[in-house]
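A.B. asks:
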Amino acid sequence: MSNLTETPEVVASSVLYAISVIYIVEILLGVFGNVMTISIVFYEEKFRTQFAYILIANQAIADLGLVSMMVPIKVFILLTSSSPGDAACTFEFYGKQWFLISATECILFVALTRYMKVVHPTKGLWMHSKPLHTGMLIFAWTLPILCLLPSFLDPRFHYDATFYSCSMVNERNDSLIDMILIALGAPVIPVAIYCYIHILVKVRKSQSKVTVMKKSSKDTKQAKTDNILTRTTAAICGLFFICYILPLVLRVLADDGSKATIQIISGALFRLPPALNPIIYVTLNTQMRTAYKKMLRCGREDTNDEQSSTSETGTGK
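Just so we're aligned, residue 45 is where the sequence shown starts under this note's numbering, counting upward by one.
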């Protein structure tokens, strides 16, 4: 009988241990990946000429800060099996939300910058303005102050052992902040997705056009490689955005009965995007270079075709 009564506690302890291990693995991957991303950006020094790389570095810094905010409390719980203090929860809450909002804005600005460069290379010259770049960075790092205003009215936090997370004592303000984050992510994520879809469609059309103009076996093989890269980029971007926005939606829609389970699932999803940063960095950069070359090549081919048709018309006259 004693074993039967102890079973729920043993199961709960095992679940907590497994969750903590999963979170810590994701956190370590996120820390390693974002440190590598920041190192690569500054090592290649592309940030000196391309603003997108400055945004990528800022996003990596924000994601690195985001996962770093989660490390101390998770390690403390795993090692001591006890709840952290209210001060630690307050520090984690503000740090986590601050870096999350900044990373989200950097995602949007990276998407817009690349969209204008690839899809509208001539119309998007205003995107190269340094005052605009400075304004984007200031906006990305100061917007969290406005989003977190409700928490300043009643800044009390505690660790909720049921949901394995820190939350505000005032549940109304906690829900209000979640709604603000959803309202912030609602326009950001679709706009970023639209930009990348438009880029991928444009690249796909350019690939088809180049394949028609150059039908050698080498170009055919390159076209297949580009198609695989395009689909891989689309899949990774989709997963990245889903993992960012889905946890917020689940937390708001969950009822009391399923809230603990939803919290665990959303927590795992929430920590996954920073770990994907290195993969996104490599695939998107390769994709953007391919896209830009394809667009330039198609532009030159179109210009040559127009010039030859004009000369033929002139000769015919």
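Ideal placement from N, C-alpha and C gives every residue a C-beta, glycine not left out.
Are residue 106 and residue 135 touching if we call contact CB-CB under 8 Å?
C.D. replies: No, the Cβ-Cβ distance between residue 106 and residue 135 is not below 8 Å.
A.B. asks: Determine the extent of the alpha helix (DSSP H) in which residue 195 is found, giving its start and end residues.
C.D. replies: Residues 193-197.
A.B. asks: Leaving out five residues before and five after residue 346 in sequence, what residues of the same chain have Cβ atoms less than 6 Å from its Cβ?
C.D. replies: In this prediction, residue 346 scores a pLDDT of 47, lower than 50, which makes its location untrustworthy; the coordinate-derived value is nonetheless stated afterwards. Nothing meets the Cβ criterion.
A.B. asks: Could you say which of 219, 215, 224 and 154 lies nearest to residue 96 if we only look at CA atoms?
C.D. replies: Nearest option by C-alpha distance: 154.
A.B. asks: Reducing DSSP to helix, strand and coil, say where residue 202 ends up.
C.D. replies: Here residue 202 sits in strand by DSSP.
A.B. asks: For residue 148, count the other beta carbons within 10 Å of its own beta carbon; 16 or more makes it buried, fewer makes it exposed. Which is it?
C.D. replies: Buried, because 16 or more other Cβ atoms sit within 10 Å of the Cβ of residue 148.
A.B. asks: When you compare each of 215, 151, 158 and 227 to residue 244 by their alpha carbons, which one comes out closest?
C.D. replies: Per the Cα distances, 158.
A.B. asks: Buried or exposed for residue 173, please, with buried defined as at least 16 other CB atoms from any protein chain shown within 10 angstroms of its CB.
C.D. replies: So residue 173 ends up on the exposed side.
A.B. asks: Name the DSSP beta bridge partners of residue 210, please?
C.D. replies: Answer by DSSP bridge pairing, in chain order: 203.
A.B. asks: Under DSSP, the alpha helix (DSSP H) around residue 161 begins and ends at which residues?
C.D. replies: Residues 130-162.
A.B. asks: If we count the other Cβ atoms within 10 Å of its Cβ and call it buried at 16 or more, is residue 232 buried or exposed?
C.D. replies: Residue 232 comes out buried.
A.B. asks: Verify whether the separation of the beta carbon atoms of residue 110 and residue 140 is less than 8 Å.
C.D. replies: Yes, these two residues count as a Cβ contact at 8 Å.
A.B. asks: Using three-state DSSP, classify residue 103 as helix, strand or coil.
C.D. replies: Here residue 103 sits in helix by DSSP.
A.B. asks: Considering only their Cβ atoms, is the gap separating residue 79 from residue 101 smaller than 8 Å?
C.D. replies: No; because the gap between Cβ atoms is not below 8 Å, this pair is not in contact.
A.B. asks: Taking 7 Å as the limit between beta carbons, can you name the residues of its chain near residue 150, skipping five residues before and five after?
C.D. replies: Excluding sequence neighbours, residue 150 sits near 99, 102, 103, 106 and 184.
A.B. asks: Please classify residue 171 as buried or exposed, where buried requires at least 16 neighbouring CB atoms within 10 angstroms.
C.D. replies: Residue 171 comes out buried.
A.B. asks: Ignore the nearest five residues each way along the sequence and tell me which others in residue 181's own chain have a CB closer than 7 Å to its CB.
C.D. replies: These residues qualify, in order along the chain: 102.
A.B. asks: Rounded to the nearest angstrom, how far is the Cβ of residue 188 from that of residue 224, given a contact under 8 Å?
C.D. replies: So it is not a contact: roughly 10 Å between Cβ atoms.
A.B. asks: Do you know whose CA, among 73, 177, 192 and 186, lies nearest residue 219's CA?
C.D. replies: For residue 219, the nearest C-alpha among the options comes from 192.
A.B. asks: Going by C-alpha to C-alpha distance, which of 215, 108, 227 and 87 sits closest to residue 72?
C.D. replies: If we check each option's Cα against that of residue 72, 108 comes out closest.
A.B. asks: What is the DSSP secondary structure of residue 166, reduced to helix, strand or coil?
C.D. replies: Residue 166: coil per DSSP, three-state reduction.
A.B. asks: What do you reckon, are the CB atoms on residue 196 and residue 213 nearer than 8 Å?
C.D. replies: Not in contact: residue 196 and residue 213 (Cβ atoms no closer than 8 Å).
A.B. asks: Please name the residue in 68, 163, 238 and 222 whose C-alpha comes closest to that of residue 290.
C.D. replies: The candidate whose alpha carbon is nearest that of residue 290 is 222.
A.B. asks: According to DSSP, is residue 173 part of a helix, a strand, or is it coil?
C.D. replies: If DSSP states are grouped into helix, strand and coil, residue 173 belongs with coil.
A.B. asks: In whole angstroms, give me the CA-to-CA distance for residue 55 and residue 68.
C.D. replies: Because residue 55 sits at a pLDDT of 48, beneath the cut-off of 50, its placement in the model cannot be relied upon, and the following sentence gives the value as read from the coordinates. The alpha-carbon atoms of residue 55 and residue 68 are separated by roughly 20 Å.
A.B. asks: With the cut-off set at 8 Å, would you say residue 152 and residue 236 are in Cβ contact?
C.D. replies: Result yes, Cβ atoms of residue 152 and residue 236 sit closer than 8 Å.
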